[in-house]
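Engineer: Residue numbers (the numbering used here): 2 to 614.
Each residue gets a CB set at the ideal place from its N, CA and C atoms; glycine is no exception.
Structure representation (structure tokens):
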């Protein structure tokens with residue numbers, strides 16, 4: 002009933018033909034009312050889409066369109082199903098296979114002012130709306146070619162343009178001279194096709210990924226094995242950054258921050274590191290600016306640690322890995338030296354694995370934990386004593402140089418600007434050489450290079466340091482629970498076995514400095530009036546603090562007990578709920594039960610302390 006311009010045609014009847022559709026609707030209601038055929042009128046709400054450009058309602062109208070029957074559909078399914086093309090995360094392969102199993106023909110024509118015009122010409126004077134299938138196959142009426150008809154004055158070209166994706170599905174090979182073989186050879190087609198990895202978003206798996214695969218299988222190297230015709234071997238799907246309401250960021254909604262503003266506030270590297278660290282593989286994330294703060298803080302930590310290394314002593318020969326290894330003195334290694342190098346190898350193995358599996362967030366988090374906790378919070382702190390002694394200083398600095406060099410190499414893909422600057426400042430690599438030109442040793446190569454330099458890591462010593470670090474971390478948290486500032490030195494008495502006390506006694510000064518203790522002594526029994534933390538490797542730590550205001554302390558403990566009671570009641574209710582225990586994953590239920598045990602133990606400890614007061 003609608004003409005192309007939105008007016009009603011003769012099928013609407015003589016009273017309505019020629020009217021605009023909006024006017025026609027009102028006129029139709031008037032005619033029905035005049036004829037006594039209008040039952041009633043009532044308002045109702047409806048969702049009506051509006052054009053972004055014209056700001057008018059979008060109303061469907063059936064018209065002639067050009068369609069394409071997809072080629073090589075079954076081969077495209079086989080390519081992913083049989084692992085010739087791997088998806089990361091793998092779950093998206095199920096979506097891909099489902100779509101291909103329910104595929105329909107592709108409407109490739111678009112009514113736009115720009116794009117590649119469909120290469121179809123009609124004989125002048127034809128009524129296109131009345132063309133039959135036989136007419137479309139008649140070359141005297143419809144001409145199809147890239148070159149166009151020989152007598153263009155007698156023809157009119159199709160005004161519709163190709164769907165954007167009809168150009169994009171050719172991208173893997175059309176950018177390298179295809180279909181001109183000479184141009185393809187010059188562009189290095191055989192070297193670059195198929196490529197290794199496509200990085201894209203999961204919302205265009207069908208629009209682009211599936212179509213590129215089908216195009217490659219149809220047009221490239223016909224007759225050759227499937228693995229030679231596919232456009233890529235891996236597809237990595239990124240997550241989508243959404244706003245705090247879960248909406249996709251867009252210009253029309255105005256809910257996207259300006260990246261330049263974020264870079265100005267947090268730095269380009271800080272923004273990159275912050276985003277990558279909070280974006281698990283293929284998962285959407287909700288953007289919050291404060292979450293980028295961690296990226297900026299990490300870059301500051303990296304800069305300060307490198308500056309500390311510069312201020313700690315003269316730089317040795319850092320021009321290569323072998324040069325740094327040559328400066329090591331393995332005979333002077335203590336347990337902390339073995340531990341940090343053991344952790345360096347471990348984090349290199351983990352990052353190597355993560356990058357191979359496209360787990361970029363996990364690799365960043367591994368590097369963050371290693372550099373911040375293992376190197377800065379522990380090794381740099383325990384190094385301060387060794388840097389004061391002439392016999393251990395040079396070896397300690399060489400170890401720091403080795404760790405920093407490897408860390409910068411591993412971090413470079415994520416924070417390229419600051420790592421490039423620090424690489425130059427610390428003298429790594431040849432003069433004027435960029436970090437990207439350096440070889441990144443894989444875990445095996447790094448371990449072999451260390452062994453050739455005479456470094457044989459003592460795993461037992463390294464494990465003893467790891468045990469100490471875990472207990473130190475627990476005691477620091479214990480201090481915070483008791484309201485003691487991290488920089489305040491307090492007194493501890495430890496109830497420990499001989500083996501536990503031996504570990505403490507051998508590292509006494511180090512532990513005192515790391516936990517913030519003015520004294521650590523051994524006790525035969527638990528001190529009744531002292532809060533106690535039971536550690537795994539070093540015994541029961543009694544915090545010997547003088548309670549100056551017993552009433553205030555009672556009030557604090559009572560308030561904490563009331564808060565604990567609410568948490569315990571909530572956890573017990575959750576575990577008693579059959580919907581939770583019957584549907585939640587086993588690890589979640591186990592975590593809730595452990596949380597309940599910990600809360601109950603904390604309550605018993607607080608009740609004991611209240612009684613002593």
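Closest by CA to residue 528, which one among 359, 368, 595 and 610?
Structural biologist: 610
Engineer: Take residue 581 and list the residues in its own chain whose beta-carbon comes closer than 7 Å to its own, dropping the five residues that flank it on each side.
Structural biologist: Counting only Cβ-Cβ distances below 7 Å, and skipping sequence neighbours, we find 575.
Engineer: Considering only residues of the segment 248-322, which uninterrupted alpha helix (DSSP H) runs meet the minimum length of 4 residues and lie entirely inside it, listed in chain order?
Structural biologist: 260-267, 269-278 and 294-313
Engineer: Determine which residues share a DSSP beta bridge with residue 108 and list them.
Structural biologist: 68
Engineer: Hey, out of 419, 343 and 155, whose CA is closest to residue 269's CA?
Structural biologist: Each of 419, 343 and 155 was checked against the Cα of residue 269, and the nearest Cα belongs to 419.
Engineer: Could you please give me the residues that DSSP links to residue 233 through a beta bridge?
Structural biologist: 196
Engineer: Look at the alpha carbon of residue 439 and the alpha carbon of residue 463, and state the distance between them as a whole number of angstroms.
Structural biologist: One Cα belongs to residue 439, the other to residue 463, and the distance between them is close to 29 Å.
Engineer: Can you give me the C-alpha to C-alpha distance between residue 162 and residue 151, rounded to a whole angstrom?
Structural biologist: 22 Å
Engineer: Under the rule that 16 or more other beta-carbon atoms within 10 Å means buried, what is residue 386, buried or exposed?
Structural biologist: exposed
Engineer: Starting from the Cα of residue 204, find the closest Cα among 165, 494 and 97 and give me that residue.
Structural biologist: 97
Engineer: Taking the alpha-carbon positions, what's the residue 26 to residue 250 distance?
Structural biologist: Using only the alpha carbons, I get a separation of about 38 Å.
Engineer: Looking at residue 557 and the ligand FMN, is the gap between the Cβ and the nearest heavy atom below 7 Å?
Structural biologist: The ligand FMN is not part of the structure shown, which contains no ligands of any sort.
Engineer: Starting from the Cα of residue 577, find the closest Cα among 295, 405, 594 and 586 and give me that residue.
Structural biologist: 594
Engineer: Spell out the partners DSSP gives residue 242 in its beta bridges.
Structural biologist: 286
Engineer: Skipping 5 residues on each side, what residues in its chain have a beta carbon closer than 7 Å to that of residue 346?
Structural biologist: 444, 447 and 448
Engineer: Evaluate contact between the segment 45-63 and the segment 73-93, counting only Cβ atoms and requiring at least three cross-stretch pairs below 8 Å.
Structural biologist: Segments in contact, no.
Engineer: Alpha carbon to alpha carbon, how far is residue 227 from residue 72?
Structural biologist: Approximately 14 Å, taken between the alpha carbons.
Engineer: How is residue 43 classed by DSSP in three states: helix, strand or coil?
Structural biologist: coil
Engineer: State the Cα-Cα distance for the pair residue 378 and residue 470, rounded to the nearest angstrom.
Structural biologist: Going from the Cα of residue 378 to the Cα of residue 470 covers about 10 Å.
Engineer: Identify the continuous beta strand (DSSP E) that holds residue 543 and give its terminal residues.
Structural biologist: According to the DSSP assignment, residue 543 belongs to the beta strand (DSSP E) that extends over 541-545.
Engineer: Thinking C-beta only, is residue 68 closer than 8 Å to residue 122?
Structural biologist: no
Engineer: Looking at residue 423: is its Cβ nearer than 8 Å to the Cβ of residue 410?
Structural biologist: no
Engineer: What is the C-beta distance between residue 383 and residue 343, in whole angstroms, given that I count them as a contact (C-beta under 8 Å)?
Structural biologist: Not confirmed; about 15 Å, so no contact.
Engineer: On a CA-only basis, which of 518, 437, 430 and 272 is nearest residue 473? Give me that one, please.
Structural biologist: For residue 473, the closest of 518, 437, 430 and 272 by C-alpha to C-alpha distance is 518.
Engineer: Check each candidate in 402, 375 and 310 and name the one with the smallest Cα separation from residue 323.
Structural biologist: 402
Engineer: Please list, in chain order, all residues of the same chain as residue 398 whose beta carbon is under 6 Å from its beta carbon, the five residues on each side excluded.
Structural biologist: 314
Engineer: Rounded to whole angstroms, what's the CA-CA distance from residue 350 to residue 433? Just pull it up for me.
Structural biologist: Distance between residue 350 and residue 433, taken at the CA atoms: about 29 Å.
Engineer: With a Cβ-Cβ cutoff of 8 Å, do residue 217 and residue 180 count as a contact?
Structural biologist: no
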